[in-house]
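K.L.:
Below are the structure tokens for one structure; questions will follow.
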Amino acid sequence: MSRKILRKSPLLENFHQFLRPFYQHTHTVPGQRDRCNISRQEAVNMIPPLLKIEPHHKILDMCAAPGSKTAQLIVMLHSDMDIPFLEGFVIANDMDNKRCYLLVHQAKRLNSPCIMVVNHDASCIPRLQIDTVDGQKDTLFHDRILCDVACRLQIRIAVRGVEQLAVGGRMVYSTCSLNTVEDEAVIATVLDKSEGNTHTHMHAQIQSLRHTHTGDNFLVSFVSLQVR
């Protein structure tokens, strides 16, 4: 049965109304997604949990739109209900201004004060300056970075992510590219440019993920920054 038939079937009309978000539903009754009763997820939503987020973490989502992964990051940041005021936060970035509005829509329904949406090219996203306790300026480095890149500018975005990573921090790099040689070359280039200050690991925390070293279906890599 085709998708077109399913969409037009009168038998499923009530179900469609149930699933529709606010802007497609009515002007007065929010849909189930905006009520946070349901959350639509895809395969890519397996990636954020690999960051092992804690409430004090400063998090950067480099290519965030449309925002489902960003929403996960916010929820994980607030996972400890015994901490009313968090030290951590999420900076969600996307280079497309229109897609940034989707980020705002996703974040708004979670009602968190710990989210900031920015509009930059991820390959050259600027470092932020923060005020220290003694009134000086310091560079903000991130404890956790989600680098879920498209099929272009992969190396530049990944390298810029490492440059934004705090010592001892973790960056999770993922891509939708199915070219194994290309994917491995990106990781090798990032490691080479870091001159021994980063290392990768993946097997210990995703042992149940079925994959092969020569497969063409999945690539997730952790990058940790160390000082040597």
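Note that UniProt numbering has the sequence shown beginning at 1, numbered continuously upward.
Idealized CB from N, CA, C, for every residue including glycine.
List in chain order: all unbroken beta strand (DSSP E) runs of 3+ residues lying wholly within the segment 46-88.
P.N.:
Runs of the beta strand (DSSP E) inside the segment 46-88: 58-61.
K.L.:
For chain D, check one thing: does any of its Cβ atoms lie closer than 7 Å to the Cβ of M81?
P.N.:
Looking at the structure shown, chain D is missing, and only one protein chain is on hand.
K.L.:
Using DSSP with H/G/I as helix, E/B as strand and the rest coil, what is D143?
P.N.:
strand
K.L.:
If we count the other Cβ atoms within 10 Å of its Cβ and call it buried at 16 or more, is N93 buried or exposed?
P.N.:
buried
K.L.:
Within the same chain, show all residues whose beta-carbon is closer than 7 Å to that of L51, passing over the 5 residues directly before and after it, in chain order.
P.N.:
Closer than 7 Å at Cβ, skipping near neighbours: R144, L146, R170 and V172.
K.L.:
Just to confirm, is the Cβ distance from G88 to P55 under 7 Å?
P.N.:
yes
K.L.:
In this structure, how does DSSP classify V117 when only helix, strand and coil are distinguished?
P.N.:
strand
K.L.:
From M62, L77 and M81, pick the residue whose C-alpha is nearest to that of L103; which is it?
P.N.:
M62
K.L.:
Is the separation between the beta-carbon of V159 and that of K193 shorter than 7 Å?
P.N.:
yes
K.L.:
Just to confirm, is the Cβ distance from V75 to C100 under 7 Å?
P.N.:
no
K.L.:
What first and last residue would you give for the alpha helix (DSSP H) that runs through Q154?
P.N.:
Q154 -> alpha helix (DSSP H) spans Q154 to E163.
K.L.:
Residues in the same chain with beta-carbon distance under 8 Å from A166, minus the five sequence neighbours each way, listed in chain order, please.
P.N.:
Same-chain partners within the cutoff: K58, F141, H142, D143 and L225.
K.L.:
Which term fits T175, buried or exposed, when burial requires 16 or more other beta carbons within 10 angstroms of its beta carbon?
P.N.:
buried
K.L.:
Out of H105, M46 and D80, which one is the CA nearest neighbour of A65?
P.N.:
H105
K.L.:
Should I157 go down as buried or exposed, given a rule of 16 or more other Cβ atoms within 10 Å for buried?
P.N.:
buried
K.L.:
What residues are listed by DSSP as bridge partners for K137?
P.N.:
D131
K.L.:
With DSSP as the reference, label A92 as helix, strand or coil.
P.N.:
strand
K.L.:
In three-state DSSP terms, what is A166?
P.N.:
strand
K.L.:
Express the C-alpha separation of H78 and R109 in angstroms, rounding to a whole number.
P.N.:
14 Å
K.L.:
Tell me the residue span of the alpha helix (DSSP H) that contains N97.
P.N.:
Taken as a continuous stretch (DSSP letters only), the alpha helix (DSSP H) holding N97 covers N97 to K108.
K.L.:
State the Cα-Cα distance for the pair L128 and L6, rounded to the nearest angstrom.
P.N.:
48 Å
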